[in-house]
Amino acid sequence: MITLIKARNLSISFNGKTVFKSFEFSLREKQFLVVIGPNGSGKTTLGLLLAGLIPEFIKAEIYGTYTISGKTGMLMQNPSPQFFALTVKEEIGAALPQGVGIEELWEKSVFELSEGEKQRVNLIANLCNGMDTLILDEPLELLDPFQANRFLKIIKSFKGKKTILWLDKDQGFVESEGKIFLGKSLQKFPKRRKHSIGKKLLQAEFSIKREGFESNNINLKLYEGEKVALIGLNGSGKTTLLKAIAGLVPIKGIVELQSNFSFSPQNPDHIFFENSVQQEIGSMQRMRFFGLQQLAKNFPERLSKGQKKLLSLASLQQGQLYLLDEPTTWLDVENKATVYNWINNSREAFLVATHDRKLLDYCDRVLLIEGGELKECSSTTVKRFFRAGL
Amino acid sequence: MFLYNSKTVFSCWPLTPKLLIAFLLPGLSFLTQEPLHQAIMLGFVLLLLVIARYSELPKLLLSLLPFILLTDAVFIFLLPEIPNIFRVVLTANLRIYVVLLSFAFFSYTTDVFSIVKAMKRTRIPETVYLSLYIVLRFLPEMEQDLKEIRELNKLKGVSWKKPVRFLQAHFLPLLLIIFQRTEELSIAYFLRKKRENKD
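As given, the protein sequences belong to chains A and B, one line each in that order. Add 5 to the 1-based position in the first sequence for my numbering, that's all there is to it. Add 311 to the 1-based position in the second sequence for my numbering, that's all there is to it.
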């Protein structure tokens, strides 16, 4: 077996700020290796270094030794900017690969593809173009369970044939493979706490008609102190529903809301414009609860994606009802535990759109959106939903 | 605005006749001084737009009208000594409509990427067409971002009453998102170039 990548005592720093210290690993040919590390531990930096971008394209100080033989490709988190060509055919640029399930996408254009499909095409384009090593940087982050399972299926079919280095913050998705930890990892989740449910807080009965989404009969009731999860595939209308309740989307029907609410969007990039984290949050107590006090003086845009997400939750206005859109994407295990704790211990009502299975354990009810219909769903339906596409 | 998934009667046409309409017709309208000729050309473009089912045609025509009338009034008021002033003004007005509507026809019936594809075929250097392509490819996403920002600011209660804060809340996030996008894009492009160089 040939060793493709070998790193010894590796450290990287940007402008004197160390990203990671004395990291050691080696990658053999046709090995499937997973590197796990929390938010801000330097996973992406490691990927960029191994893909050849860092000394060449981005300037950084590198200490220690590392050798890379062969060509290295990399797949990033966000599928959209990696897609340069107009059609799938042009993007892959080779003959149609058999048995990976993209036959039906072959002639489609970029604008017809969903995020998950784009990511799958990116993966196949990388695998089919003779890369020796492929680095995957949290590729499942923006995908729904169905698309994630399809993605994992392709990975499984290439296992043992290609060298793959997977960088992620969670370890739930792969069974016992070679694992390396970058930074320390903690896994301790709070226990479910039951809250008493009060009087009716929200009653909604409406129909929405929007491009790409149409629903005739949405019926939703929410009580004080109730935690409700909303699941559904990407593009099934979870965000639209939350926005309709928040009054951002025109609807036909009524939304009766008895109290004030606060809405947290999926992408945290759109909200921050203050000069520091402290100004964004306002209250010291809240900052301490979310563990952001060390970043208090930082400029919000300088934070990592996961930290921004946490800040977007911390800077929500107090209300009786929280509408959260994917509150745990980009968060590592420790930060996820913080969010679970927050949802678990607060007395307010929550309506949470999510792909995170663990989060469903802290909710009283689970609602599923499918084909424009909203329905209550049992634990077997949830199980089936998370196994779809396998 | 350009269309991304245009489905009009003229979408299946090749680029050349549409380009001819979009550039030759305005050119012709500058050559002639007859209001009748202008009217014929305008009628032709209007007919094309009606066939293409351009839904915003009345809106476009009406929204231009006040500006045109205003400029006409100023023109007539300032230069009363020109002979046949009304005829000149009428020609100018019709000309404005011909130019604008023929471009509207072009942009409405043409899929933007057919322009990029045509540029690719003529072997224009990659640096030229790629930048145009990237602008067009990511414009819808930026529009989406701006929409999202506007909605969130509405929820936060940021309004025009505090103009500085309003501008800050809208344009700071947008600017930072654009920088982030460019960084992501340049990394993705670098990786892609590496993938394509098979040596």
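We treat Cβ as the ideally placed atom computed from N, Cα and C, and that holds for glycine. In this text the structure is predicted, and so the values were computed from the model without any measurement.
Cα-Cα separation, I393(B) to L405(B) | 19 Å
Tell me whether L353(B) counts as near the ligand NAP, meaning its Cβ is closer than 7 Å to at least one heavy atom of that ligand.
-> Because no ligand of any kind appears in the structure shown, any question about the ligand NAP cannot be addressed here.
Does DSSP put Q325(A) in a helix, a strand or coil?
-> coil
List the DSSP bridge partners of F414(B).
-> For F414(B), which the question treats as bridged, DSSP gives no partner whatsoever.
Short check: CB of I140(A) to CB of F211(A), under 8 Å?
-> no
State yes or no: is the beta carbon of A499(B) nearer than 8 Å to at least one beta carbon in chain A?
-> yes
Separation of P255(A) from A249(A), as counted between CA atoms | 7 Å
Against chain B: residues of the stretch 87–98 of chain A by CB proximity under 9 Å | Q87, F88, F89, L91 and G98
Using a Cβ-Cβ distance under 8 Å, would P270(A) count as near chain B?
-> yes
Decide if R492(B) is buried, meaning its Cβ has at least 16 other Cβ atoms within 10 Å, or exposed.
-> buried
Can you grab the Cα-Cα spacing for the pair F390(A) / V282(A), in whole Å?
-> 37 Å
So M292(A) is in the alpha helix (DSSP H); what residue range does that whole segment cover?
-> M289 to F294
Option nearest G69(A) by Cα separation, candidates L246(A), L15(A) and T244(A) = L15(A)
At a CB-CB cut-off below 7 Å, which residues of chain B make contact with F62(A)?
-> F501
The stretch 44–60 of chain A: positions lying closer than 9 Å to chain B by Cβ | L53, A56, G57 and L58
Determine the closest residue to E231(A) out of I348(A), E378(A), L91(A) and L58(A), with distance taken between C-alpha atoms.
-> I348(A)
At a CB-CB cut-off below 7 Å, which residues of chain B make contact with I276(A)?
-> L463 and P484
Residue-chain proximity (S74(A), chain B), Cβ-Cβ < 8 Å = no
From M136(A) to V39(A), what distance separates their C-alpha atoms?
-> 18 Å
Can F416(B) and A363(B) be called in contact, C-beta distance under 8 Å?
-> yes
Residues of chain B with a CB under 9 Å from the CB of G324(A): which are they?
-> Result: empty, since nearest Cβ-Cβ is about 11 Å, beyond 9 Å.
Got a sec: is the Cβ-Cβ distance from S85(A) to anything in chain C below 8 Å?
-> Judged by its chain identifiers, the structure shown contains no chain C, and its protein chains are A and B.
8 Å Cβ cutoff, L253(A) in contact with chain B = yes
Report the neighbours of A480(B) on chain A: residues whose CB is nearer than 7 Å to its CB, in chain order.
-> F278
Neighbourhood of K26(A) by C-beta distance below 7 Å, restricted to the same chain and skipping five residues each side | S16
Short-range partners of chain B found in the stretch 304–320 of chain A, where Cβ spacing is below 7 Å = E306
The alpha helix (DSSP H) with Y444(B) in it runs from where to where?
-> E437 to K467
Is there a Cβ from chain A that is less than 8 Å from the Cβ of R506(B)?
-> yes
Entirely enclosed beta strand (DSSP E) segments - the stretch 253–278 of chain A, minimum 3 residues = 257–262 and 266–269
Check whether K2(A) and F88(A) have beta carbons under 8 Å apart = Because residue 2(A) is not part of the residues shown, which for chain A are 6 to 395, the question remains open.
Note down, in chain order, every chain B residue with its Cβ under 8 Å from the Cβ of G78(A).
-> L502, K505 and R506
Interface positions of the stretch 440–456 of chain B facing chain A (Cβ-Cβ less than 9 Å), listed along the chain = L441, Y444, I445, R448, F449, P451, E452 and D456
So does the stretch 321–329 of chain A actually touch the stretch 167–175 of chain A, counting three or more Cβ pairs closer than 8 Å?
-> no
Validate contact between the stretch 477–490 of chain B and the stretch 456–463 of chain B using beta carbons, cut 8 Å, 3 pairs = yes
Can you give me the start and stop residues for the alpha helix (DSSP H) that E120(A) sits inside?
-> E120 to C133
Starting from I488(B), find everything on chain A with Cβ-Cβ shorter than 8 Å and list it in chain order.
-> D274 and H275
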